[in-house]
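In the UniProt record's numbering, the protein residues as written are 1 to 161. Glycine is no exception: its CB is placed at the ideal position from the N, C-alpha and C atoms. Shown next, in structure tokens, is the structure this report addresses.
Here it is in structure tokens:
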């Protein structure tokens, strides 16, 4: 599991670097430790880390972190996709991982899923819209305490029924 946590940390670092945010992540050892903890000791049984791999299972191609939504307007049947990263797009890894996310949320008894997406991430928004996700009108800005990095996000949602 430690190896998997390290590969997740590497994928996350790459994704955040492409978004210009890698400098705001902790170092590789700290990130690996956080992911190992998320995998082996989640705060709730419904907090999960899912991974996608190549068919031979040698290469991690993506990961998702999911759990109950902590949004102020969320109900107990609302889940959230907290992180979703796929190394290379256009190969079906994202679609398979998204299906696993939705299936896992359903199995955990959630009825609705939400996902905070960067307001300028048109590729992800288009991918999700094609899978039945839509904006619900909520938006937010998150960033560093010193204001050196700000990310504007919109919330998408879908029913899991």
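Expressed to the nearest angstrom, what Euclidean distance is found between the alpha-carbon atoms of residue i and residue j?
| i | j | result |
| --- | --- | --- |
| residue 46 | residue 67 | 5 Å |
| residue 61 | residue 39 | 17 Å |
| residue 110 | residue 154 | 21 Å |
| residue 152 | residue 37 | 28 Å |
| residue 43 | residue 65 | 13 Å |
| residue 164 | residue 145 | The requested residue 164 does not occur in the structure, where the chain is confined to residues 1 to 161. |
| residue 162 | residue 136 | The displayed coordinates of the chain run from 1 to 161. Any statement about residue 162 would go beyond what the structure contains. |
| residue 20 | residue 26 | 14 Å |
| residue 129 | residue 117 | 12 Å |
| residue 148 | residue 5 | 28 Å |
| residue 115 | residue 71 | 11 Å |
| residue 142 | residue 121 | 15 Å |
| residue 91 | residue 99 | 14 Å |
| residue 8 | residue 104 | 19 Å |
In the DSSP output, which residue or residues are listed as bridge partners for residue i?
| i | result |
| --- | --- |
| residue 115 | 81, 156 |
| residue 101 | Answer by DSSP bridge pairing: none, since residue 101 is not bridged. |
| residue 142 | 151 |
| residue 52 | 62 |
Find the nearest neighbour of residue i within the set the options, judged by alpha-carbon distance.
| i | options | result |
| --- | --- | --- |
| residue 32 | 19, 98, 10, 48 | 10 |
| residue 13 | 43, 54, 63, 44 | 63 |
| residue 73 | 144, 113, 143 | 113 |
| residue 69 | 20, 48, 149, 58 | 48 |
| residue 106 | 129, 95, 77 | 77 |
| residue 124 | 108, 140, 104, 83 | 83 |
| residue 138 | 50, 119, 59 | 119 |
| residue 57 | 30, 108, 3 | 3 |
| residue 133 | 156, 17, 142 | 156 |
What is the C-beta distance between residue i and residue j, in whole angstroms, given that I count them as a contact (C-beta under 8 Å)?
| i | j | result |
| --- | --- | --- |
| residue 102 | residue 160 | 6 Å |
| residue 93 | residue 86 | 5 Å |
| residue 97 | residue 52 | 4 Å |
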